[in-house]
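Novice: Sharing a structure below in structure tokens format, with a few things to ask.
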Amino acid sequence: MKKHNFYAGPSILSEYTIQNTADAILNFANTGLSILEVSHRGKEFQAVIDEATALVKEILNIPAGFEVLWLGGGASLQFCMIPYNLLAKKAAYIDTGTWASNAIKEARLFGEVEVLASSKDSNYTFIPKDYEVPADVDYFHYTSNNTIYGTEIRKDPKVPCRIVADMSSDIFSRPIDFSGYDAIYAGAQKNLAPAGVTLVIVREEALGRVDRAIPTMLDYRTHIKKGSMFNTPPVLPIFSALQTLRYYKQLGGIEELERRDLEKAALLYNAIDNSKMFKGTVTDPADRSIMNVCFVMKPEYAALESAFVEFCAARGIVGIKGHRSVGGFRASLYNALPLSSVQVLVEAMHDFETTH
Ligand SMILES: *Cc1c(COP(=O)(O)O)cnc(C)c1O
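Everything in the sequence shown is counted per my numbering, starting at 702 for the first residue and increasing by one.
Given below as structure tokens:
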């Protein structure tokens, strides 16, 4: 049976990405060897990382002055690398979820951190809007998509200081205006590649402004100087990322990706809004994520939650159980998920509602 993969991360990848990765595990670039067993310094892999870097710049339309890095350690390592490299005195953060609060905790090790707003008391069901970003901070940090809670900030903030963003779960779902940013980072396992590599886009000019000593591996300048090859990079996830990027380009680039993502999200939110059984968890529709759609059973149907998950499983729908801190359901609609899978889910919701 065809599976409809709604997992939140690691998550669905395009068939193109999976097939080409499988092929390269058997025979990489006609070397007669697996990509798992050749030097990362060979010309074949150099071509992979060079093309992947160029495609990130092309698809996201990244202006001159930024470097694209492929690093290990996950987005979670960036929670400390960002302040290590960029926080001289003070930074401003907004607390919009678990990942944002993890980032805040790490930043506090490096300087003064002003938390401008938080929706923690409401279990992060909305994006706080009532705050002012001070001009005297080294940067303003936000999480563009709150994967666990299904909220998203889809506009580049207009603030009187530099911006840093964790875009782990919504990068490649909209165009970005880089002019205000010093850094953007994203763990690959949501919208790009298998787990193991983190994409970091950093403004070179923003580096070298802190006085502290930075360990070699945690200093962005090390990886810029060595082209992400200071040490052995995560070779296989970078290869897969290249396949995804080729696929994105071939689809029509970032505008087409955004159009598809908006279409899928509208279909599912519309079904939730018109249902007598289900309701969304995000309180302000303007905050709804187009990547992770969180919903629950209305109280009078709450006992049917696990029955619905099983009902879906029988139709090949997997990965819709909500994060343990939210409950209910979460359908992740990453770029590789086809519209037809959302149609299957919407139909399952409708059929379950009419039979229960
Ligand atoms: C998944 C996720 C992370 C954590 O990524 P790791 O690569 O597991 O460290 C951080 N931020 C956001 C927004 C995420 O969705």
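The beta carbon of each residue, even a glycine, is placed where N, CA and C say it ideally should be.
Quantities reported herein were computed from a predicted structural model and do not represent experimental measurements.
(1) Can at least three beta-carbon pairs, one atom from the stretch 758-773 and one from the stretch 919-933, be found at a separation below 8 angstroms?
(2) So, for Thr984: in the same chain, excluding its five sequence neighbours on each side, which residues have a beta-carbon less than 8 angstroms away from its beta-carbon?
(3) Under the three-state reduction of DSSP, which class applies to Lys791: helix, strand or coil?
(4) Can you give the beta carbon distance from Ile849 to Thr797, rounded, assuming they're within the 8 angstroms contact cut?
(5) Examine ligand 1 and report whether any of its heavy atoms sits within less than 7 angstroms of the Cβ of Ala776.
(6) Along the chain, where does the beta strand (DSSP E) containing Ile864 start, and where does it finish?
(7) Shortest alpha-carbon distance to Ala894 belongs to which of Lys703, Gly1029, Gln720 and His705?
(8) Relative to the C-alpha of Glu1006, which candidate in Gly1020, Arg989, Phe1030 and Ile1018 has its C-alpha closest?
(9) Check whether the Cβ atoms of His1059 and Val936 sit closer than 8 angstroms, and answer yes or no.
(10) Nearest by alpha-carbon distance to Phe811: which of Pro829, Cys781 and Lys821 is it?
(11) Using DSSP's beta-bridge definition, name the partner residues of Val903.
(12) What alpha helix (DSSP H) runs, 4 residues minimum, are completely inside the stretch 738-784?
(13) Extract the residue ranges of the beta strand (DSSP E) inside the stretch 794-862, only unbroken runs of 3 or more that lie entirely within it.
(14) I need the straight-line Cα distance from Ala748 to Asn762, nearest angstrom please.
(15) How many whole angstroms separate the CB atoms of Lys950 and Leu787, which I take to be in contact at a CB cut-off of 8 angstroms?
(16) Which residue from Tyr886, Val1043 and Ser1026 puts its Cα closest to that of Ser1033?
(17) Would you kindly report the start and end of the unbroken alpha helix (DSSP H) that includes Ala723?
(18) DSSP three-state call for Asn786: helix, strand or coil?
(19) Taking only heavy atoms of ligand 1 into account, decide whether any of them is closer than 7 angstroms to the Cβ of Lys891.
(20) Would Gly852 be called buried (16 or more neighbouring beta carbons within 10 Å of its own) or exposed?
(21) Mind checking Arg875: buried by the 16 CB within 10 Å criterion, or exposed?
(22) Given this structure, state the Cα-to-Cα distance separating Tyr1035 from Lys1022, to the nearest angstrom.
(23) Taking DSSP's pairing of strands, which residues face Asn971 in a bridge?
(24) For Asp912 and Lys790, what's the separation of their Cα atoms in angstroms?
(25) Just how far apart, CA to CA, sit Pro938 and Gly888?
(26) One question on the structure: do Ala1049 and Arg1025 come within less than 8 angstroms of each other, judged by their Cβ atoms?
(27) Start and end of the alpha helix (DSSP H) containing Arg947?
(28) Which first and last residues belong to the beta strand (DSSP E) in which Ala894 is found?
(29) Quick check: is any heavy atom of ligand 1 less than 7 angstroms from the C-beta of Trp800?
(30) Expressed to the nearest angstrom, what Euclidean distance is found between the alpha-carbon atoms of Asn728 and Leu737?
(31) Indicate the three-state DSSP secondary structure (helix, strand or coil) for Ala1032 in the structure shown.
(32) Considering Cα atoms alone, identify which of Ile864, Ser870 and Gln890 is closest to Gly881.
(33) Please return the same chain residues whose Cβ sits closer than 7 angstroms to the Cβ of Tyr717, not counting the five positions on each side in sequence.
(34) Would you decide whether Met702 is buried or exposed? Buried here means 16 or more other CB atoms lie within 10 Å of its CB.
(35) With hydrogens ignored, establish whether the beta-carbon of Asp988 is closer than 7 angstroms to any heavy atom of ligand 1.
Specialist: Once the coordinates are examined:
(1) The answer is yes - the stretch 919-933 touches the stretch 758-773, with three or more Cβ pairs under 8 angstroms.
(2) Excluding residues up to 5 positions away in sequence, Ser823, Thr826 and Phe827 lie with their Cβ nearer than 8 angstroms to the Cβ of Thr984 in the same chain.
(3) Looking at Lys791 - three-state DSSP - the assignment turns out to be strand.
(4) About 10 angstroms separates the two Cβ atoms, so there is no contact after all.
(5) At least one heavy atom of ligand 1 is nearer than 7 angstroms to the Cβ of Ala776, so yes.
(6) Start and end: Ile864 to Asp867.
(7) Considering only alpha carbons, the answer is Gln720.
(8) Ranked by how close their Cα comes to the Cα of Glu1006, the residues Gly1020, Arg989, Phe1030 and Ile1018 have Phe1030 in first place.
(9) Nothing in the structure corresponds to residue 1059, since the chain is present only between 702 and 1057.
(10) Of the candidates Pro829, Cys781 and Lys821, Cys781 places its Cα closest to the Cα of Phe811.
(11) Per DSSP, Glu768 and Ala884.
(12) DSSP runs (the alpha helix (DSSP H)) wholly in the stretch 738-784: 744-760.
(13) Segments of the beta strand (DSSP E) lying fully in the stretch 794-862: 813-819 and 841-844.
(14) Rounded to whole angstroms, Ala748 to Asn762 spans 21 angstroms at the Cα level.
(15) No, Lys950 and Leu787 are not in contact; Cβ-Cβ is about 30 angstroms, not under 8 angstroms.
(16) Ser1033 has its Cα closest to that of Val1043, out of Tyr886, Val1043 and Ser1026.
(17) First-last of the alpha helix (DSSP H) with Ala723: Glu716 to Leu727.
(18) Helix at Asn786.
(19) Correct: Lys891 has its Cβ closer than 7 angstroms to ligand 1.
(20) According to the sequence as given, residue 852 is Thr; it is not Gly. Buried, by the Cβ-count rule.
(21) Buried is the label assigned to Arg875, since at least 16 other Cβ atoms lie within 10 Å of its Cβ.
(22) Here the C-alpha atom of Tyr1035 lies approximately 16 angstroms from the C-alpha atom of Lys1022.
(23) Within the DSSP bridge table, the entry for Asn971 names no partner.
(24) If I take the Cα positions, the gap works out to 10 angstroms.
(25) Roughly 11 angstroms separates the two Cα atoms.
(26) No, the Cβ-Cβ distance between Ala1049 and Arg1025 is not below 8 angstroms.
(27) Here the alpha helix (DSSP H) through Arg947 covers Val936 to Leu952.
(28) Counting along the chain, Ala894 falls outside any beta strand (DSSP E), and DSSP gives it neither H nor E.
(29) At least one heavy atom of ligand 1 is nearer than 7 angstroms to the Cβ of Trp800, so yes.
(30) Here the alpha carbon of Asn728 sits roughly 10 angstroms from the alpha carbon of Leu737.
(31) Of the three classes helix, strand and coil, the one that applies to Ala1032 here is strand, per DSSP.
(32) Residue nearest to Gly881 within the set Ile864, Ser870 and Gln890 is Ile864 (criterion: CA-CA distance).
(33) Cβ within range, chain order: Gln944 and Tyr948.
(34) Within a 10 Å sphere around the beta-carbon of Met702 sit fewer than 16 other beta-carbons, which makes this residue exposed.
(35) Between ligand 1 and the CB of Asp988, the shortest heavy atom gap is not smaller than 7 angstroms.
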